[in-house]
Each structure stands twice: as C-alpha cells, then as structure tokens.
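First comes the structure, then the notes that go with it.
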Amino acid sequence: MDTLELCLREGIAGNEYADPRDLLGCSANADDTEVARALVRAVAASDLEQIGTQSIHPEAERHPSVRPPTEVVADPSFLGRLSTSGDEGLSVERIDDVPTLLAVLRAGSRRQRRAALARLGERLRDRRQLHSDAARKAIQTIAELRDVELGCELAQARTELPGAQGRAARHEHDQWKRLAERTEAAIRAFWDGQSNVDAIRVLPGDQRALLLMRVAELPDVVIHHITAIIEGSDGCVPLESRIGLITSLRYARDPRLVPALIAVVEAERGELVASAARVLGGIDDARVHPALAERFERSFVAEERIALAGALGMHGDCRGLAEVRSSLEEKQPRLPLQALEAMESLGSSESTDLVAKFLDHSDVSIATQAARTAARIGDGRALDELTERYNASSVPALRAAIEDALSAIAARMELRGEEAAAIDWSEVGNKPAPRKGSRDSVPAIVLGWRDYLVARLWLLLGRVTWAIARFESAAARRDNWAVPLIGIGMAFARREQYALALPAFRRAIEVDRPRIERNPILVRAMAMSFLHRAEQVEREGREDVARGLVGEVMTLDLRRAPGTVRFELKRKHDVLRREEQGDVHSAA
Amino acid sequence: MSTRLRDAAVRHLQLLGAGAGEGAVRRLTMDIELEGRIEMVTLSLRDGELQCVSSDARNDGPHVLAALRFVAGMEQREDSSPPGLVASIAPRSAEQAPANELADALDDLLTAITRVGVAKAQYAPSVDAALERVISAAPEPTPSGLGRFIGRLQREIRSAELRPMARLLEGASQLANALRTTARTRDTEERLVAWLGARPGSMPEVELLHDRTMIEVGREWLSGTERASLERRYLVDIESGNIYREDRPRHATASLGPCPRQLRVGLAEVESGPSPRRIRVLQYEVRPDIPSESWVRVQQVASRSFAEVAAGYRKSVEAHPSLSEPFALVAPHRIERNGVFKVFDSEGRQLILNRSERRGAVLAFYDMLAEGAEPTWLAGRLTDTGTMVCLTPFALGTRDRTYTRL
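Now the structure itself:
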C-alpha cells in the first residue's frame, strides 16, 4: 500500500517510481485511465478500512484553550500593557485610584475605557464612598461623558448615579424596556405571519439606535430576528436595510451576534463584509479573530481589507498596518475616511505625522476623523498641530473633535508619566466674538418679550398658527434675538413637523449658534429635527437632499446631543456618503 | 372527491411538458383563494398516484377541489407551455449534455490528477483544464452535488492530502460508471440523483414527511464551483432524531428564519442519498424562539455512543465517498477538566474535535468549558483524520443555557 500511496502522491507519469500496474493487477499495457481508476480505488478502500479504528490521537490530547491576544502588545507603556481584566499584572480591574481610572476613561482603547467605566461603576455602588472628592469627580465625569462608543456602558453606569442624573438614566432605561417589549411583540407577529413588516426596519433612526444600544439585554427572540436579517434569511429586508442594521450594531458586544456576523464575513462581499468586520472588531470572542484573519488573507477588495485590518487591530493583530499606512501615504488616498478609522486601532506614535496631515483636509468629515484618530493614538507631538488647526477652523464639529482629542492626549501623557500637557483653554482658539451689547431700544425689548410671552400662551392653548405669528413678530422686533426663533423650531419639532422646524433652527443657529449647541434640550431637538427630516426625504427617494441635511448638522458641535442621536446621524452620514461615492456594492 | 376530476388532473400532469421536452412536472404548488381564505395546495405525482395536500389540513377540501379543477381545466387549452421564450433561456438539461461526455470528463480529471500526482496537482494546468471540462460538461446550472464535489476537490488539491483526495476521486469514478451504465439499478439511480439532481425520466426515491417538528441547530456556507456558493442548514427532527440538511444555493430561496429556529413542518420531501439526507421543506411554520421542552427533546435524541457515531460515519462515507458529509448530535457523558478538557461518552470513548476547520468555534467551545459550562449535547459535522473520527462543532446545549451557536 505504501508504494501505491507513493504513486498517487508523486504521479504515475514519472519513471523514477515503481510502476503500480503489477500491484494493481493491471496488464502491462493498460492505459493510464484504467490504472488511475484502479489506483484510486485501492487507496480509497484502504483509507475507508481504517476510519474509526483509532479513538485518540496523541496530538489531540493537548487541548489548549488559547485566545487571541486582545490588546496591542507592541506598546510597552502603561496603557500598552494595561489589560482589561485579570488578577495579575497591570489590569483595570485592579486599579483603585479614581484619577487614574478617569484618565484611562479618556485616553484608553475602547476595551480599556469600557473596563474603566465598569470599575468606576463598581466603586460608586459603595454608597459609603459617594461623598469623597474622588467619587464626586467620578460622578461628574460619568454624567458629562459623551462617548458614543461607550453608549451602553455609560447608560448602565448612569443608572447607578444618585440624584437627577440617575433618575433620568433610569427613566431612559424604562423607555428602552417598553420599546423592547413593543419590538418583541411585533417580531413575534412577523414570524407568525400576521405582519409582513420588519419591526426594526420601520423604527425611526434614533429609536433603532436606542433599541440596539442595549442589544445585550434584548431577549433571544429579538436577537434571532436580528441574526436572520444579518444573514439575509428573513425573506423581506432589502440589501440596503441589511447593511443599515449591521452598521447600527457598530458598538454592540453581544456574542450571540457573532455567528451571523462571521457568516457575513465568510460568504458576502464589499460593504456587508466591511460593516460586519467593524462590529466584530469590538466583540471579545474567541471565534472572531480566526474569522477576520482568514477573510483578510483572501480578500482583495480595498474597502474590505481596510475594515478588516482595523478590526484585526482591535484584537491586537496589526498585520494590516502597512497596507493602511500606504493607502494614506498615497497622493490622493482612495478611502481616507476608512483608513483613518482603521488607524484608530492600528496607529502608533509613528503614524502621528501621517494622521496630522489630514487635519487640514478640505472635507470636514475626514478632518474630524483625523482628530479622532490622533486622540486614540495619543501622541503629544500632535498637540501643536491640533491647536493650530483649532485656531484656524470655524467648523464647530471639527473644533469639538479637536477639544476632545486634546483632552485625550493630555490624559494619555499623564498615564505615560510624561509631563501632563495642561491645556490653557484661554490661549487656545479664537473665541467666538463677544456678542455686542444689545442695541435694541427699550420699547423693542419690552414689545419683543410681550410678543414672546403671548406666543407661549397661545402654544399652551394649542393655537399654533397664532403662536408662530407672535414668535415671528417678536423676532422681527429685535435683530439678533434667537429666543423666538428657537420657540418656533421647538414648537414644530414637538409636533413632528420637521420640515417647518428646520428653517427656524437654521435662523436661530445663524443668530446665536452657541446658545443651541450648549443647551442639551435645544441641541437634541435640533439634531432630531434634522435626522427625522433626512429620513423623510430619503424615503421619498431624494437622497441628495438627505445627504445635505445630515452633512449640515454634522458640522455643528453635537456633543451635548444624546449619544443615540449622534450615533445615528454619523451612521446615516457614512452610509449616504458611501452611496454618493457608489461604494455600496451588491452582496453578490 | 370526484374520481373523474382526479383522473383528469393526473392525466394532465403526466402530459404537461413531457411532449415538448421541457421536463416532467412532478409537483405543483398553488395559492388558492376561496371564500376569502388563501390556502397553499400542493399536488404531487408519485408513481402515477396523485397526492393532494392543503395548508388547511383538509386534503379533500374546497381548496384542493379548486386546484384540481384548475389543473384539469388546463387540458382544454391548446398550448400549455409557459408564456415567453422559455426554450431560449431554459437551462441545459442533463439529457442535452450526453451522459458519456460528463463521464469522460470525470475520467480525464481522475487521470490528470493521478498522472501528475496529488502533491503537484495544485500547480498542474492539465488538472485545471480537466476541472473546467467537468464543469462545462455538467448540466447548467451546475447541480449542487457536483458543485459541492468540485468545491471539496479544489480544497483537497490545495491541501495535497492524499487520502481525502483518493476518496473524492473514487466517488467521481463511481459516478462515471453510473453514467455509463445502461441498466440502471436503484443504487446507480440514487447516485445519479445525489450528484446531478432529479432529471427528466429519472424516478428519484423521495420520502414525504408530514407534521414534524424540526429544530435547526447549525448552518454554514460551503464552497461549490465558487466560494461560498451553498448555504447548508442542519435540521434535527425532535421526534425521530433524524438529521437532515437543507441546501440553499446562493441567490436561491429556501425556508426562512434564523438559526436556531423551530420549524413545524406540514409537508417536506426527503431525498435518499448521502448523509445527512437532503430535505425540501414545502409547508412550514417558523418560531424564532424555541420552547425549552424542544431543547430537552434534542438532548434526548442525541447519540450517547461515540463508537456508534463513528460506525455510522464510516458506513456513510463508504456509500458516498465524495458527497457524504455526515452531521451528528452527541450527548457527552463526562468531562475532565484537569488543565486540559476531555469529553467522554458512557463507554469511556473520547470525543475528538477537529481543530483544523472552524478553529474559532473550537476555541470558543474550550472557553465555555473553561468558564464552567457543562454541555448536555453537542452538534457538529463529522470528519476524519484517516483513523479517527472527529467532530467540527456547530452548536451546544448546556445545563444553564439551552443553546449556543458556535
């Protein structure tokens, strides 16, 4: 049998091996086809005889439970070696010092920030420590933190907070529970055949973001429905909505989603693979790394490879770094936004100059992403360029991203033991020009307030038309008075008449932008008006208009808007942008 | 029910398409609306006998009668062919491609690989050309059995593993013999159907299933003539413990629903052929949430003897060396956790996991064991390393959590 196996392995055409004809019982002049059939039959029969004859192979006795590394090991600094869990070495779980935890919360990787937040939550559960200075500072930080990537963890941590913050968070959780119950009932109706509408697809964007923010708390039936859509076995959801759902799960960590996402990475192409890879990058699960690595090795589509490289980077595997770097080094990078995003997990201080180059990019989205990437890399050498760009830019969204980046870099420098860069905000930035004193006459002011108060009264009585007329009258009496314009915008926004709310908000932003950006209630209403109106026009097929609306609101400083709204706006912005570039490929 | 009506329907179904060479009609499924209710009616012709099934469970009800009247009424029409230029777009059938052409192409493939040797087949243009010839000689679209053979063969060519390659080539050789045989036996017929699907004139052996509850425990994408061209779902009948596969070629439809799901199957067809046998679910209801009692049944029907699983595997591979990809549901008896994890059955035989395929799933399984999970059942595809039968895990049930898809 050894000779026959050798013949099959090395081929019967060569003369240096024994002729198998004798062994196989073939005549000396039998043709190759006859010999081939006899040879294969003999080897296969011998193989089949042996199946199951051995119960254990010595090699199989070693069952290592090996997980891929989850942190970048190349960085020897404190943050580079800081693991998220474990009783040995540097671990977030073992840090007791609140200022250090707060610095990790600002400067760490996504996993480290999650772990730091969980650790702070644990500390705050000990009511005896609530009145210490450190605890107060932690409470303040958690209440003010607006990190979209930590949406779920932040929402959970805030429910533990005392006072109004805690109550608001618990109220939001109750809202989420009601939404989840409604969705679950609709999903049951869908699979029972009582409805032909996918319950998640019909949700408004912010509601969907809210529902999926706490995906780990959703019951199995909802998760199974989501996985059916991800895998395309629901029978009704079109490709664009499938991609939309996967991008909505961007920061989900639920391992129940992993098999479906891996199926997409293994079997699909283009945007579907890129979206699924970005979700998988953030999930700690042993199944993820082998699937991403295998797909990266055989993928040839640039968009897929960059997304896969970034996702692998989040699992501590930097095999795609050179490719992402070289794509950014091109004179005209083809996918700069995606490459910068990937550099968040792959980049090191060596990439600082490369990333800083994009801070001057004419496209605000790319410049903003460069600021975010610089924040994650956390190299102090970027401080000067960031400050310079902050001073030169008048785009609120970019200035907000740079502010966050400066804070994150300062925190990272502190954790590295470098001299903490104390940022003197009085020196940074050209402050908004001080508002000139009102030059309105006293009668104009008095009459303006009278009209405003009457308008509020009409609103209370439900006479919207009359109220709007009074608001307009108040606005006309004083040139730079945003209050009545905001009143009009809020009145229409509450009545879900977003098309009418937009002009009022636009006029208010023109007159007094900081007033809206700094007020969480106003910025929420304004952002949601833009989002819902964009969804409306998109449904009507006017995608260019939707793209314009989302692009317009994304230039503002939305840090005080709810995380779910910001997440959905950014998601929609990315999707519409890719559609504009024609990058949404079929899943063939 | 009127016998005349039935006879007329049978007569028409037998005639339909047979003359024009368009392919015989074996089954018709229709949505019939009557008195405000829509029901799905399936008329199947098996060995000259007509079977009528309605989704309202009344197999002689008004919807079935209406369907029969519709079919019988078609007899009066002069032209029963479907509208449009069907002939110009009709796929090339097995009859159109001479059977010997495919048999010759398979022999050429076997000879090309054997001449150049398994170790060098990856780089041999003659092997590529032979594979191309097999694909071009096959009916279009490439039947799923033949497509799956090509997918597996290409993988083995890349890995240059001798024994799996010999097994695949032996299967191809058996198919070539079956294609050349003029007096077809039940075995050759079954082989041809498994590889090439049902063809005009063939009488595939099909088992009809009614009113079964099945649970999908795993699914995967498999390679055919192209990568990831076939989605395979594994369904467990929780009454009998039988395992079926539902194959969905890319861009084709199959039953809907997530994995896991519970299917209440009203009507299904099961082909005889390689293990697990292929199922076509015709009437079904889906539940995305599975009652805990159903999971208990899954555990109860799982095999307790790994030796029996191995014996079943060998038998299956012997019958269909190229196409057999058995799937098993096993219930471990004991788990050792002394630094390494070992899973044993009640006879002390150890379960071996295949770590070369779905590596992430195996790692996740060990992670779960490390976290203290106690599997009550484990589902996976069976493979072998020559002497040992291994399991590639797809899903498991534990005491605290009924189901985890790996």
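Chains A and B, in that order, give the protein sequences. By our numbering, the letter at position 433 of the first sequence is numbered 433, and the numbering carries on one by one without gaps. Positions in the second sequence are counted from 1; adding 588 to them yields our numbering. Using N, Cα and C, we set each Cβ at its ideal position, and we do this for glycine too. Note that the structure is predicted; figures quoted are calculated from it, not measured.
- request: Note down the Cα distance separating B/ARG943 from B/LEU734, rounded to an integer number of angstroms.
  value: Translated into the one-based positions of the second sequence, residue 943 of chain B becomes position 355. Translated into the one-based positions of the second sequence, residue 734 of chain B becomes position 146. Between B/ARG943 and B/LEU734, the C-alpha separation is close to 27 angstroms.
message: Quick check: is the beta carbon of B/GLY1019 nearer than 7 angstroms to any beta carbon in chain A?
response: The question about residue 1019 of chain B has no answer, for chain B in this structure spans 589 to 994.
- prompt: Three or more beta-carbon pairs under 8 angstroms between the stretch 813-825 of chain B and the stretch 240-259 of chain A, yes or no?
  reply: no
query: Can you round the beta-carbon distance between B/LEU994 and B/PRO981 to whole angstroms, since I take them to be within the 8 angstroms contact cut?
result: Residue numbering aside, residue 994 of chain B sits at position 406 when the second sequence is read from its first letter. Residue numbering aside, residue 981 of chain B sits at position 393 when the second sequence is read from its first letter. Yes, they are in contact, since the Cβ atoms of B/LEU994 and B/PRO981 sit about 5 angstroms apart, within 8 angstroms.
message: Counting only Cβ pairs nearer than 7 angstroms, list the residues of chain A close to B/GLU906.
response: Within the second sequence, numbered from 1, the residue matching residue 906 of chain B stands at position 318. The contacting residues are LEU48.
- request: Check the C-beta distance from A/ALA493 over to A/ARG470 and give it rounded, since I have them as a contact under 8 angstroms.
  value: What you label residue 493 of chain A is simply residue 493 of the first sequence in a count that begins at 1. What you label residue 470 of chain A is simply residue 470 of the first sequence in a count that begins at 1. Not confirmed; about 18 angstroms, so no contact.
- prompt: Quick one: which chain A residues come within Cβ less than 8 angstroms of B/SER761?
  reply: Against the second sequence, residue 761 of chain B aligns to sequence position 173. Near B/SER761 (Cβ distances below 8 angstroms), the residues of chain A are ARG37, VAL40 and ARG41.
query: Can you give the Cα-Cα distance for A/ASP96 and A/VAL446, rounded to whole angstroms?
result: Along the first sequence, one-based indexing puts residue 96 of chain A at 96. Along the first sequence, one-based indexing puts residue 446 of chain A at 446. One C-alpha to the other measures close to 57 angstroms.
message: Give me, in chain order, the residues of the same chain whose beta-carbon lies closer than 8 angstroms to that of B/ARG849; leave out the 5 immediate sequence neighbours on both sides.
response: Taking the first residue of the second sequence as 1, we reach residue 849 of chain B at position 261. Same-chain partners within the cutoff: ILE803, GLU804, VAL874, ARG875, PRO876 and ILE878.
query: Is B/GLN639 helix, strand or coil by DSSP?
result: Along the second sequence, read from residue 1 onward, the residue named residue 639 of chain B stands at position 51. In this structure, B/GLN639 counts as strand in the three-state DSSP scheme.
query: How many Å lie between B/VAL641 and B/LYS903 at the Cα?
result: Within the second sequence, the letter at position 53 stands for residue 641 of chain B. Within the second sequence, the letter at position 315 stands for residue 903 of chain B. Whole-angstrom Cα-Cα distance: 35 angstroms.
- prompt: Can you list the residues of chain A that B/ALA707 reaches, using a CB-CB cut of under 7 angstroms?
  reply: Position 119 of the second sequence, counting from 1, holds the residue named residue 707 of chain B. Per Cβ cutoff of 7 angstroms: ARG9 and GLU10.
- request: Anything in chain E within Cβ reach of B/ASP972, meaning under 7 angstroms, just list it in chain order.
  value: Absence of chain E from the displayed structure is noted, the protein chains being A and B.
task: Grab the span of the alpha helix (DSSP H) containing A/ILE243 for me, first residue to last.
output: Within the first sequence, numbered from 1, the residue matching residue 243 of chain A stands at position 243. Taken as a continuous stretch (DSSP letters only), the alpha helix (DSSP H) holding A/ILE243 covers 239-248.
query: How should A/LYS572 be labelled, buried or exposed, when 16 other C-beta atoms within 10 angstroms of its C-beta is the threshold for buried?
result: Start at 1 with the first residue of the first sequence, and residue 572 of chain A comes out as number 572. By the neighbour-count rule (16 or more Cβ atoms within 10 Å), A/LYS572 is buried.
query: Where B/HIS839 and B/PRO862 are concerned, what is the direct C-alpha to C-alpha distance, given to the nearest angstrom?
result: The residue given as residue 839 of chain B occupies position 251 in the second sequence. The residue given as residue 862 of chain B occupies position 274 in the second sequence. Roughly 24 angstroms between the two C-alpha positions.
message: For A/ALA356, tell me which candidate among A/ALA382, A/ALA339, A/SER345 and A/TRP449 has the shortest Cα-Cα distance.
response: By 1-based counting over the first sequence, the position of residue 356 of chain A is 356. Of A/ALA382, A/ALA339, A/SER345 and A/TRP449, the residue nearest in Cα terms is A/ALA382.
- prompt: Does the beta carbon of A/ASP19 sit closer than 7 angstroms to a beta carbon anywhere in chain B?
  reply: Taking the first sequence and counting its residues from 1, one reaches residue 19 of chain A at position 19. No, its Cβ sits nowhere closer than 7 angstroms to a Cβ of chain B.
message: Going by DSSP, what residue range makes up the alpha helix (DSSP H) through A/THR33?
response: Taking the first sequence and counting its residues from 1, the one referred to as residue 33 of chain A is at position 33. Note, A/THR33: alpha helix (DSSP H), 32-50.
- request: Please determine, among A/PRO238, A/LYS331, A/LEU556 and A/ALA263, the residue with the shortest C-alpha to C-alpha distance to A/PHE505.
  value: Mapped onto the first sequence, residue 505 of chain A falls at position 505. When only C-alpha atoms are compared, the closest one is A/LEU556.
Neighbour list for A/ALA13 in chain B, Cβ cutoff strictly below 7 angstroms: Taking the first residue of the first sequence as 1, we reach residue 13 of chain A at position 13. Here the neighbours are ARG703 and VAL704.
query: By a C-beta neighbour count over all protein chains shown, 10 Å radius and 16 as the cutoff for buried, is B/GLN871 buried or exposed?
result: Counted from its first residue, the second sequence places residue 871 of chain B at position 283. Buried.
task: State the CB to CB distance for the pair A/LEU210 and A/TRP176, rounded to an integer number of angstroms; the pair is presumed to be in contact (CB under 8 angstroms).
output: One-based indexing of the first sequence puts residue 210 of chain A at position 210. One-based indexing of the first sequence puts residue 176 of chain A at position 176. Their Cβ separation, rounded to whole angstroms, is 6 angstroms, which keeps A/LEU210 and A/TRP176 in contact under 8 angstroms.
message: Using the three-state DSSP reduction, which class does A/GLU10 fall into: helix, strand or coil?
response: Within the first sequence, residue 10 of chain A is the residue found at index 10, counting from 1. The answer is helix: DSSP assigns A/GLU10 an H, G or I state.
query: What's the call for A/LEU460, buried or exposed, on a 16-neighbour Cβ count within 10 Å?
result: Here residue 460 of chain A corresponds to residue number 460 of the first sequence, with the count starting at 1. Answer is exposed; the Cβ neighbour count stays below 16.
task: Go ahead and label A/SER345 buried or exposed: buried means 16 or more other beta carbons lie within 10 angstroms of its beta carbon, across all protein chains shown.
output: Within the first sequence, the letter at position 345 stands for residue 345 of chain A. Classification of A/SER345: buried, given that the 10 Å Cβ count is 16 or more.
is_contact[A/HIS224, chain B] using C-beta, thresh 7 angstroms: Here residue 224 of chain A corresponds to residue number 224 of the first sequence, with the count starting at 1. Yes, its Cβ sits closer than 7 angstroms to a Cβ of chain B.
Three or more C-beta pairs below 8 angstroms linking the stretch 539-555 of chain A and the stretch 309-320 of chain A: no
message: On the criterion of 16 or more Cβ atoms from any shown chain inside 10 Å, does A/LEU48 qualify as buried, or is it exposed?
response: As a first step, residue 48 of chain A is located in the first sequence; it is residue number 48 there, counting from the start. Classification of A/LEU48: buried, given that the 10 Å Cβ count is 16 or more.
task: May I have the straight-line CA-CA distance separating A/GLU517 from A/PRO396, to the nearest angstrom?
output: Within the first sequence, numbered from 1, the residue matching residue 517 of chain A stands at position 517. Within the first sequence, numbered from 1, the residue matching residue 396 of chain A stands at position 396. Going from the Cα of A/GLU517 to the Cα of A/PRO396 covers about 9 angstroms.
query: Would a check of beta-carbon distances place A/VAL215 closer than 7 angstroms to chain B?
result: Within the first sequence, residue 215 of chain A is the residue found at index 215, counting from 1. No, no contact with chain B.
field: is_contact[A/SER407, chain B] using C-beta, thresh 7 angstroms
entry: Against the first sequence, residue 407 of chain A aligns to sequence position 407. For A/SER407, the answer is no, since every Cβ of chain B falls outside 7 angstroms of its Cβ.
message: Taking the straight line between their C-alpha atoms, what separation do you get for B/LEU780 and B/ILE723?
response: Sequence index remark: in the second sequence, residue 780 of chain B carries index 192 (1-based). Sequence index remark: in the second sequence, residue 723 of chain B carries index 135 (1-based). Approximately 16 angstroms, taken between the alpha carbons.
- prompt: Any idea what DSSP makes of B/ASP825, helix, strand or coil?
  reply: In the second sequence, residue 825 of chain B corresponds to position 237, counting from 1. Of the three classes helix, strand and coil, the one that applies to B/ASP825 here is strand, per DSSP.
- request: May I ask you to list, following chain order, the residues of the stretch 721-732 of chain B that have a beta carbon less than 9 angstroms from some beta carbon of chain A?
  value: none
message: Just to check my reading of the structure: A/ALA138 and A/LEU102 have Cβ atoms closer than 8 angstroms, yes? What is that Cβ distance to the nearest angstrom?
response: Here the question's residue 138 of chain A lines up with position 138 in the first sequence. Here the question's residue 102 of chain A lines up with position 102 in the first sequence. Rounded, the Cβ-Cβ distance is 7 angstroms, consistent with contact.
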